[in-house]
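The structure under discussion appears below in the form of structure tokens.
2 protein chains.
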Amino acid sequence: MPRGNGQGPVWWHGRFKGCGYRITVGREVILDVLTKADRHLSAEDIYMKVHAAYPAIGLTTIYRTLEILVNMGLVFKFDFGDGRARYELAEGSNRSTHHHHLICTNCKRVVDYTDFIDDEIELLHKTEKGLSDKYNFTITNHLIQFYGLCDKCKKRK
Amino acid sequence: MPRGNGQGPVWWHGRFKGCGYRITVGREVILDVLTKADRHLSAEDIYMKVHAAYPAIGLTTIYRTLEILVNMGLVFKFDFGDGRARYELAEGSNRSTHHHHLICTNCKRVVDYTDFIDDEIELLHKTEKGLSDKYNFTITNHLIQFYGLCDKCKKRK
DNA sequence: GCTATAAATGGAAATGATTTTCATTAACAG
DNA sequence: CTGTTAATGAAAATCATTTCCATTTATAGC
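Residue numbers (the numbering used here), protein chains in the order written: chain A, 853 to 1009; chain B, 853 to 1009.
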């Protein structure tokens, strides 16, 4: 099924095997859904898409696979404040450029933005360096989110 | 009980009444616990502290009060990834300076840091301005967290 | 290709933080 | 002091996520 993009074996197979994980149909399909996703999906979103093509794959497998993917750093897990986690392929695959989120605290709408990313990244690198030196952490990731009221919700108030 | 700090009526009473909320013993005690807290508390943490002095106050009231406080902007709500929310008095009261968080993804330890805050704030203001113009959001808040492995967890791996 | 073995799986049940329900209590405007 | 309505506690409900366990499947070694 997902045969990559003509550049040989699927990009994540190597990393998976390297970690001692097996390549299964469920994992292929989940990765495929994530690769094609154009927005942040919840576990249930992913389940529904997967289920449409492969009804045998259960929700439990979705959760288990997502946990592995997050731990491996292939997928980011976000909390936008509506009680369910959202998942998004990390950069480094063939999709997704680095971005941050702008979240409406009223309707929970999420805007991905890439503006100012360069400045942010530069500062982040400096901060990461400082923090890891001072607190002796190995920093692997960061999260930046802005909260506010979106266009529509402003008008309703 | 909480009589403020000698500067007249308790600082948040005005804001509370202004929003049409009543001042109750439960709310007084909860705010008091938050004011004295020196770290991020979960709803249950707060409940236990409150319960010690006022056993009549239930967990439900804690959750309901926290929701109000978060909506009013008096309290920040955080997700550090361990399945329970943490609450922290917003700045503007008498405690807490603006800070961000450094989180160990393994043991969930959280370090508050204030280093580099000035540079961060400057960039944040610039970004907030740009984002609110471009996406027509009214930005009220932001979240910055760094993730990594702490000192102890690094050694164990 | 075949087989043994351990990883992966699905479905049901468990978990656990948070929310809702509803009858009772308490704040406070007048 | 009193009526009105918000606030409350206890128990039940919710609901995303996790765990359990018997079954299936990937794959290393032949």
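Every residue gets a Cβ at the ideal spot worked out from N, C-alpha and C, and that includes glycine.
Computed from a predicted model, the values in this text were never measured in an experiment.
Alpha-carbon to alpha-carbon, Gly878 (chain A) and His865 (chain A): What you label residue 865 (chain A) is simply residue 13 of the first sequence in a count that begins at 1. What you label residue 878 (chain A) is simply residue 26 of the first sequence in a count that begins at 1. Cα-Cα distance, rounded: 13 Å.
Identity of the residues DSSP links to Asp931 (chain B) by a beta bridge: Against the second sequence, residue 931 (chain B) aligns to sequence position 79. Paired residues: B:Ala937.
Per-residue DSSP class, three states only, for Tyr906 (chain B): Translated into the one-based positions of the second sequence, residue 906 (chain B) becomes position 54. Here Tyr906 (chain B) sits in coil by DSSP.
His950 (chain B) - partner residues in DSSP beta bridges: Position 98 of the second sequence, counted from the start, is the residue given in the question as residue 950 (chain B). Answer is none; His950 (chain B) lacks a bridge partner.
Contacts around Phe989 (chain B), its chain only, beta-carbon distance under 7 Å, and the 5 residues preceding and following it disregarded: Against the second sequence, residue 989 (chain B) aligns to sequence position 137. These residues qualify, in order along the chain: Leu983.
DSSP-derived helix/strand/coil call for Val877 (chain A): To locate residue 877 (chain A), count along the first sequence from 1; it is residue 25. Note: Val877 (chain A) maps to helix in three-state DSSP.
Pairwise C-alpha distance: Phe930 (chain A) and Asn993 (chain A): Residue mapping note: residue 993 (chain A) aligns to position 141 of the first sequence, counting from 1. Residue mapping note: residue 930 (chain A) aligns to position 78 of the first sequence, counting from 1. The straight-line gap from Cα to Cα measures roughly 12 Å.
C-beta atoms of Ile851 (chain A) and Glu972 (chain A) nearer than 8 Å: Here chain A comprises residues numbered 853 to 1009, so residue 851 (chain A) is not present and cannot be evaluated.
Distance CB(Thr894 (chain B))-CB(Arg938 (chain B)) smaller than 8 Å: Here residue 894 (chain B) is taken as the residue at index 42 of the second sequence, counted from 1. Here residue 938 (chain B) is taken as the residue at index 86 of the second sequence, counted from 1. A quick correction: the sequence has Ser, not Thr, at residue 894 (chain B). Yes. Within cutoff.
Neighbour-count burial assignment, Cys1002 (chain A), 16 or more Cβ in a 10 Å radius: On the first sequence, residue 1002 (chain A) is found 150 positions in, with the first residue counted as 1. Classification of Cys1002 (chain A): buried, given that the 10 Å Cβ count is 16 or more.
Counted within 10 angstroms of its Cβ, other Cβ atoms place Cys952 (chain A) as buried (16 or more) or exposed: Counting from one through the first sequence, the residue named residue 952 (chain A) turns up at place 100. At residue 952 (chain A) the sequence reads His, which differs from the Cys that was named. Buried, by the Cβ-count rule.
Span of the beta strand (DSSP E) around Gly1000 (chain B): Here residue 1000 (chain B) refers to the residue found at position 148 when the second sequence is read from its first residue. Segment Thr990 to Leu1001, the beta strand (DSSP E) holding Gly1000 (chain B).
For Thr876 (chain A) and Thr966 (chain A), the rounded distance between their alpha carbons: Along the first sequence, one-based indexing puts residue 966 (chain A) at 114. Along the first sequence, one-based indexing puts residue 876 (chain A) at 24. One C-alpha to the other measures close to 34 Å.
Cβ-based neighbour list, Leu886 (chain B), same chain, cut-off 6 Å, excluding 5 preceding and 5 following: Taking the first residue of the second sequence as position 1, residue 886 (chain B) is located at position 34. If we look at Leu886 (chain B) and ignore the five residues flanking it on each side, its Cβ neighbours are Leu941.
Residue burial classification, Lys901 (chain A) (beta-carbon count within 10 angstroms, cutoff 16): Position 49 of the first sequence, counted from the first residue, corresponds to residue 901 (chain A). Buried, by the Cβ-count rule.
Integer-rounded CB distance, given that Thr957 (chain A) should sit under 8 Å from Gly925 (chain A): Reading the first sequence from its first residue, position 73 is the one you call residue 925 (chain A). Reading the first sequence from its first residue, position 105 is the one you call residue 957 (chain A). In fact, because the Cβ distance is near 29 Å, the residues do not count as touching under 8 Å.
Assigned secondary structure, Cys956 (chain A) (DSSP; H/G/I helix, E/B strand, else coil): In the first sequence, the residue the question calls residue 956 (chain A) occupies position 104. Three-state DSSP puts Cys956 (chain A) in a strand.
Buried versus exposed call for Thr917 (chain B) [16 or more other C-beta atoms within 10 Å across all chains shown]: Here residue 917 (chain B) is taken as the residue at index 65 of the second sequence, counted from 1. By the 10 Å Cβ count, Thr917 (chain B) comes out buried.
Own chain partners of Phe928 (chain A) with C-beta closer than 6 Å, once the 5 adjacent residues on each side are dropped: For the purposes of this step, residue 928 (chain A) is identified with residue 76 of the first sequence, where counting begins at 1. Glu940 and Ala942, listed in sequence order.
Helix, strand or coil at Leu893 (chain B) [DSSP, three-state]: On the second sequence, residue 893 (chain B) is found 41 positions in, with the first residue counted as 1. Leu893 (chain B): strand per DSSP, three-state reduction.
Below-8 Å beta-carbon distance, Asn993 (chain A) vs any chain B residue: Against the first sequence, residue 993 (chain A) aligns to sequence position 141. True, the Cβ-Cβ gap to chain B drops below 8 Å.
Chain A residues whose Cβ lies nearer than 8 Å to that of Asp1003 (chain B): Along the second sequence, read from residue 1 onward, the residue named residue 1003 (chain B) stands at position 151. Neighbours of Asp1003 (chain B) on chain A, chain order: Tyr987, Asn988 and Phe989.
Contacts of Asp971 (chain A) in chain B (Cβ-Cβ under 8 Å): Mapped onto the first sequence, residue 971 (chain A) falls at position 119. Within chain B, the residues near Asp971 (chain A) are Leu975, Lys978 and Thr979.
Val962 (chain B) - DSSP class collapsed to helix/strand/coil: Residue numbering aside, residue 962 (chain B) sits at position 110 when the second sequence is read from its first letter. Looking at Val962 (chain B) - three-state DSSP - the assignment turns out to be strand.
Status (buried if at least 16 other CB within 10 Å, exposed otherwise) for Gly870 (chain B): Within the second sequence, residue 870 (chain B) is the residue found at index 18, counting from 1. Per the 10 Å Cβ criterion, exposed.
Leu926 (chain A), DSSP secondary structure in three states: Start at 1 with the first residue of the first sequence, and residue 926 (chain A) comes out as number 74. Coil.
N-terminal and C-terminal residue of the alpha helix (DSSP H) that Gly870 (chain B) is part of: As a position in the second sequence, residue 870 (chain B) is number 18, starting the count at 1. Taken as a continuous stretch (DSSP letters only), the alpha helix (DSSP H) holding Gly870 (chain B) covers His865 to Gly870.
Secondary structure of Asp971 (chain A), DSSP reduced to three states: Locating residue 971 (chain A) in the first sequence gives position 119, where the first residue counts as 1. Three-state result, Asp971 (chain A): helix.
Beta-carbon contacts of Ile882 (chain B) that lie in its chain and below 7 Å, excluding the five residues immediately before and after: Walking along the second sequence from the start, residue 882 (chain B) turns up at place 30. For Ile882 (chain B), where only same-chain residues beyond five positions count, the Cβ hits under 7 Å are Ile898, Val902, Ile914 and Thr917.
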